[in-house]
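Encoded as structure tokens, the structure appears first; notes follow it.
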Amino acid sequence: MFDVTKIKGYSKLADYEKDVFHSFCRNFYSMWEEPEKHAPIKVKREESYLRVTLNDGDWLHVLGNGDWY
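Residue numbers (the working numbering): 595 to 663.
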């Protein structure tokens, strides 16, 4: 897995949001045979979720429990 601390926006997250993002990344990467094709490039706090933008142009809602849609 890549270094999540280098993702744009990571340093602006609160500690608990960083934990959520780490959890998301572990789960998300385990779902793909070639996860580098779907790598997160940006994370941003929204009102009730983290918005994670992927290198393929898609973005995901990441909830407080690490689930995403």
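Backbone N, C-alpha and C fix where the C-beta goes; we use that ideal spot for every residue, glycine too.
In terms of Cα proximity to Tyr643, the closest of Lys600, Phe596, Val598 and Leu607 is Leu607. Out of Tyr610, Lys631 and Trp626, the CA that lies nearest to the CA of Val656 is found in Tyr610.
Taking Gly658 as reference, the option from Thr599, Ala633 and His616 with the minimal CA-CA separation is His616. One Cα belongs to Lys602, the other to Lys636, and the distance between them is close to 5 Å. Cβ-Cβ distances below 8 Å link Thr599 to Ser605 in the same chain, with the five nearest sequence neighbours on each side left out; the list follows chain order.
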